[in-house]
Amino acid sequence: MIKFIKRFYLGLIFFILYIPIVVLIVQSFNAGESRAKWEGFSFRWYEQVFTDPNIVSALIITISIALLAALFSTIIGTLAAIGIHAMKKRPQSMMLALNNIPMTMPDIVTGISLMLLFIFTKVERGYVTMLLAHITFDIPYVVLSVLPKLKQMNKHSYEAALDLGATPTYALFHVILPEIMPGVITGAMLAFTLSLDDFTISYFTTSPLVQNLSTLIYSQARKGIKPTMNALSALMFIALLILLLVVNRRSNKAEEK
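This note's numbering applies: residue -1 is where the sequence shown begins, and numbers increase by one.
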């Protein structure tokens, strides 16, 4: 009986969480504009998603920022993780605490803080500021993805490479990076996923002239939900679901090894 209650409770929670998403996806195939009446199955709104210039522009901005943010945050985060791993226990604990603070803070705090920084430094908000903001909040996640692989690596491998005549740069690229590459790839995919659907930080660090998909959906929703927004939201949900499944699969394989 207790097991049944637990399963029922868990199923109820998932039902409450996902039924709105299911309704949104179903409505995205509704041929009519009414959300209260089903007027037939159609791909009409999906076709309009890829013909609307505003949506296409936001899609290009979203993907380009996600790719660049993932690239730069992976490079910086990997180097930071290697540096933190090489520290002694006390400074390492301090650096990990500092690394974890941005992840525990609400996104609105990070977004407003970055916005005030750009205003104070008189940097015009737009594509570059949004990219810098995304790199900033992606780095801690990359660090946490790479550190476990560094801890699993034989700590004497790097020193052995140096003893055999390798330069520090050569040892970094040919000894350390191949060992931690699964963690680097996981961190890059996680950074890309987080950047792809971010709204709060993007909203505070960009201008109305430069919008990604999340800020575009928000601005359109204020005027009234259009059926194309249902299709766009459904596509974003499916893309993020696939990426998260891939990241979790890689993490599970790493844990099994």
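Every residue gets a Cβ at the ideal spot worked out from N, C-alpha and C, and that includes glycine.
Inter-residue Cα distance where the pair is residue i and residue j
{"i": "L192", "j": "I3", "result": "34 Å"}
{"i": "G75", "j": "P166", "result": "19 Å"}
{"i": "R33", "j": "Y16", "result": "18 Å"}
{"i": "T134", "j": "F70", "result": "10 Å"}
{"i": "N52", "j": "A186", "result": "28 Å"}
{"i": "I82", "j": "F190", "result": "23 Å"}
{"i": "F197", "j": "G38", "result": "32 Å"}
{"i": "F6", "j": "T102", "result": "31 Å"}
{"i": "K1", "j": "F12", "result": "17 Å"}
{"i": "A159", "j": "N152", "result": "12 Å"}
{"i": "L96", "j": "I63", "result": "25 Å"}
{"i": "V144", "j": "L211", "result": "29 Å"}
{"i": "F118", "j": "L238", "result": "34 Å"}
Limits of the alpha helix (DSSP H) - the one that residue i falls within
{"i": "G185", "result": "175 to 194"}
{"i": "Q46", "result": "42 to 47"}
{"i": "S200", "result": "198 to 203"}
{"i": "L129", "result": "125 to 150"}
{"i": "P166", "result": "166 to 169"}
{"i": "R220", "result": "211 to 221"}
{"i": "V121", "result": "V121 -> no alpha helix (DSSP H), and no H or E assigned at all."}
{"i": "D161", "result": "155 to 161"}
{"i": "P18", "result": "0 to 25"}
Member of the options whose CA lies at the smallest distance from the CA of residue i
{"i": "K224", "options": "R42, A237, I14", "result": "R42"}
{"i": "Y139", "options": "F118, L148, N98", "result": "N98"}
{"i": "L77", "options": "L148, L214, D161, G124", "result": "L148"}
{"i": "V47", "options": "T102, F39, I61, L230", "result": "L230"}
{"i": "E157", "options": "Q150, A169, P146", "result": "A169"}
{"i": "F202", "options": "H132, S91, V144, D136", "result": "H132"}
{"i": "L142", "options": "G222, E45, T72, M(-1)", "result": "T72"}
{"i": "I236", "options": "Q150, L162, D195, K87", "result": "D195"}
{"i": "L243", "options": "Q150, I58, L188", "result": "L188"}
Residue i Cβ short of 6 Å to the ligand MG heavy atom set
{"i": "L239", "result": "With respect to small molecules bound, the structure shown includes none, and the ligand MG cannot be examined in it."}
Quiz item: Is the number of C-beta pairs between the segment 182 to 192 and the segment 105 to 123 that are closer than 8 Å three or more?
Solution: no
Exercise. Go through the segment 72 to 103 residue by residue and report every complete run of the alpha helix (DSSP H) that reaches 4 residues or more, in order.
Key: 87 to 102
Quiz item: Using 8 Å as the threshold, is the segment 216 to 230 in touch with the segment 98 to 112, meaning 3 or more CB pairs across them?
Solution: no
Quiz item: Within the chosen definition, does the segment 204 to 215 reach the segment 17 to 33 through at least 3 CB pairs nearer than 8 Å?
Solution: no
Exercise. Determine contact between the segment 6 to 16 and the segment 232 to 250, defined as no fewer than three beta-carbon pairs at a distance below 8 Å.
Key: no
Quiz item: Do the segment 77 to 89 and the segment 120 to 128 meet, that is, are 3 or more Cβ pairs less than 8 Å apart?
Solution: no
Self-check item: Touch test, the segment 88 to 96 against the segment 170 to 177, Cβ-Cβ under 8 Å, three pairs minimum
Solution: no
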